[in-house]
Amino acid sequence: MIQRRKTRRIKVGSVAIGGDALISVQSMANTDTRDAEATIKQIHRLESAGCEIVRIAVPDAEAAGKVKDIKARVSIPVIADIHFDHRLALESIKGGVDGLRINPGNIGSRQKVEMVVAAAKDRGIPIRIGVNAGSLEKGLEQKMGSVPAAMVESAKRHIGILEDLGFSDIKISLKASDVPETLEAHRLLAKEVDYPFHIGISEAGTLESGTIKSSVGLGILLSEGLGDTLRVSLSADPVEEVRVGFGILKALGLRQRGIDLISCPTCSRQEIDVISLAREVEQAMSKVPATLHIAVMGCAVNGPGEARKADLAICGGKGIGVLYRKGEMLRKVKKEDIISELMKEITSIAKS
Ligand code: SF4
């Protein structure tokens, strides 16, 4: 059983983060925020994939001016990602964002920071301090002796600025593209503060390499109880980030959503084409809102055993598939009918 680190609870719009709240899955739109239509369309796709919080970049005044339109037409909380410019933060808050990602140490004068903090307090929205190993303060790594120690020091400086202004509606991210550095930074900071962590591996890579890196990095952090919300960063469609995020949480038993597919690695004993069948089942199931465990097994060796643990299972036989529901054999079906028969059962379970 994973023991989660005790963190204080904050809220991004309707989504609670920290405390005993479910670990939420976020993504970031990669459209041009100034193109509100494209951004809204992408956020709708992310919502359908289960994304619970979305971040949008606000690089200039035109983008900040679109926040209101975007907010009006999406249902999940929106976080504005801002670098340096306090006016963009103020404008985004006015537009109704549910959270800010801005580093107070980079805003400039104390007066500017005070303005942003006052507006965030007034609207009750949290601020994420986002420390990235790639953009640490000059000389900090040399001073602290290592990248993780420098990341923690940087986070503490930003936290200090907000706390001095009486602001504690904070979450923190410590991202590096190097997994061991990311792990170390979180372990160090967890000893010092109880603010919730937004976890992720930055610039993780493409769909394949980024999924591997994120799964290892986030998997270790989560298994150590570190992490209250996550974003998987991929050079891919952001919808994939959401799928991978849920996949990681499901693998650790921290969330249940959609299909949990068990499929055998295949060998010469297989009597059905497990690889294409598993892919078809996964695709078909991505549109089913129910949470189901499905097993696709190539032959009878491990099939019935796995079937006992699954809501539905299909095991290969000579020219046929054998369909099981909760370990009970339902019927034998022709190879070409396997998917349609499986979908019939899925629909009946989803309705019940
Ligand atoms: S379930 Fe059967 S086909 Fe699949 S890997 Fe095991 S022995 Fe091979």
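Counting along the sequence shown from 1, when you hit position 154 you're at 138 in this note's numbering, and nothing is skipped either side.
Virtual Cβ for every residue (Gly too), placed ideally from N, Cα, C.
Because the structure is a prediction, the values reported are computed rather than measured.
Using a Cβ-Cβ cutoff of less than 6 Å, which residues in the same chain neighbour residue 316 once the five nearest sequence positions on both sides are dropped? Cβ contact annotation for residue 316 (same chain, cutoff 6 Å, sequence separation greater than five): 304, 306, in chain order.
Does residue 236 pass the burial test, meaning 16 or more other C-beta atoms within 10 Å, or should it be called exposed? With fewer than 16 Cβ atoms within 10 Å of its Cβ, residue 236 is classed as exposed.
Are the segment 184 to 202 and the segment 158 to 173 touching by the rule of at least three beta carbon pairs closer than 8 Å? Contact between the segment 184 to 202 and the segment 158 to 173 is present, because at least three Cβ pairs lie under 8 Å.
Can you tell me the Cβ-Cβ gap for residue 184 and residue 216, rounded? I've got them flagged as a contact below 8 Å. Indeed they touch by this definition, with Cβ atoms about 7 Å apart.
Taking 7 Å as the line, does the beta carbon of residue 12 fall inside it for any heavy atom of the ligand SAM? Because the ligand SAM does not appear in the structure shown, any question about it cannot be addressed here, the ligands present being the ligand SF4.
Please classify residue -7: is it buried, with 16 or more other beta-carbons within 10 angstroms of its beta-carbon, or exposed? Of the other Cβ atoms in all chains shown, fewer than 16 fall within 10 Å of the Cβ of residue -7; this residue is therefore exposed.
For a minimum of 4 consecutive residues, which ranges assigned as the alpha helix (DSSP H) are wholly contained in the segment 22 to 83? Within the segment 22 to 83, the complete alpha helix (DSSP H) runs of at least 4 residues are 45 to 57, 70 to 79.
So what does DSSP say about residue 216, is it helix, strand or coil? Coil.
What span of residues does the beta strand (DSSP E) with residue 300 cover, start to end? Start and end: 296 to 301.
Does the segment 99 to 113 come close enough to the segment 142 to 161 to have 3 or more Cβ pairs within less than 8 Å? Taking a contact to require three or more Cβ pairs closer than 8 Å, the segment 99 to 113 and the segment 142 to 161 qualify as touching.
Anyone know if the C-beta pair for residue 250 and residue 259 falls short of 8 Å? Yes, the Cβ-Cβ distance between residue 250 and residue 259 is below 8 Å.
Does the separation of the CB atoms of residue 58 and residue 31 fall below 8 Å? A contact, by the Cβ cut-off of 8 Å.
Does the separation of the CB atoms of residue 325 and residue 296 fall below 8 Å? Cβ atoms of residue 325 and residue 296: not closer than 8 Å.
To the nearest angstrom, report how far apart residue 253 and residue 34 are at their CA atoms. The straight-line gap separating the alpha-carbon atoms of residue 253 and residue 34 is approximately 37 Å.
Since residue 210 and residue -11 should fall inside the 8 Å C-beta cutoff, what is the C-beta to C-beta distance between them, to a whole number of angstroms? 6 Å between Cβ atoms; contact.
Figure out for me which residue from 275, 179, 101, 247 has the closest Cα to the Cα of residue 263. With distances taken between Cα atoms, residue 263 lies closest to 247.
Checking 8 Å against the spacing of the C-beta atoms, do residue 38 and residue 11 come in under that value? Less than 8 Å divides the Cβ of residue 38 from the Cβ of residue 11.
Quick one: what's residue 114 bridged to in DSSP? Its beta-bridge partners are 157.
Between the C-alpha atoms of residue 255 and residue 282, what's the straight-line distance to the nearest angstrom? About 6 Å.
Expected contact under 8 Å - CB spacing of residue 66 and residue 238 to nearest Å: Contact annotation, residue 66 with residue 238: C-beta distance approximately 30 Å; criterion of less than 8 Å not satisfied.
Which listed residue (206, 218, 213, 180) has its alpha carbon closest to that of residue 196: Restricting attention to 206, 218, 213, 180, the CA atom closest to the CA of residue 196 is found in 218.
Pick from 276, 64, 80: whose alpha carbon is nearest that of residue 335? Of the candidates 276, 64, 80, the one whose C-alpha sits nearest the C-alpha of residue 335 is 276.
Could you pull out every residue in the same chain whose Cβ sits closer than 7 Å to the Cβ of residue 105, ignoring the five residues on either side in sequence? Within the same chain, 151 come within 7 Å of residue 105 by CB-CB distance, once the 5 residues on both sides are set aside.
Whose CA, out of 293, 170, 292, lies closest to the CA of residue 132? Checked all of 293, 170, 292; the closest Cα to residue 132 is 170.
Identity of the residue in 319, 291, 205, 286 nearest residue 302 by Cα: Minimum Cα distance to residue 302 is reached at 319.
If I'm right that residue 359 touches residue 36 with Cβ under 8 Å, what's the distance once you round it to whole angstroms? Absent from the model: residue 359. The displayed extent of the chain is -15 to 336, so no value can be given.
Entirely within the segment 119 to 207 and at least 3 residues each: give me those beta strand (DSSP E) ranges in chain order. Counting whole runs of 3 or more residues, the segment 119 to 207 contains the beta strand (DSSP E) stretches 154 to 159.
Does chain C have any CB closer than 8 Å to the CB of residue 123? Any reference to chain C falls outside this structure, which holds one protein chain only.
Let me check one thing: in DSSP terms, what residues is residue 312 bridge-paired to? In the DSSP assignment, the residues bridged to residue 312 are 309.
Where the beta strand (DSSP E) through residue 10 begins and ends: If you look at residue 10, you'll find it in the beta strand (DSSP E) that goes 8 to 12.
Could you work out which residue in 300, 308, 284 is closest to residue 293 when comparing CA atoms only? For the set 300, 308, 284, the Cα lying nearest the Cα of residue 293 is the one of 308.
Where residue 4 sits in the DSSP three-state scheme: In the three-state DSSP reduction, residue 4 falls in the coil class, being neither helix nor strand.
On the criterion of 16 or more Cβ atoms from any shown chain inside 10 Å, does residue 2 qualify as buried, or is it exposed? Burial call: buried.
Could you check where the beta strand (DSSP E) with residue -6 kicks off and where it finishes? For residue -6, the enclosing beta strand (DSSP E) has its first and last residue at -6 to -4.
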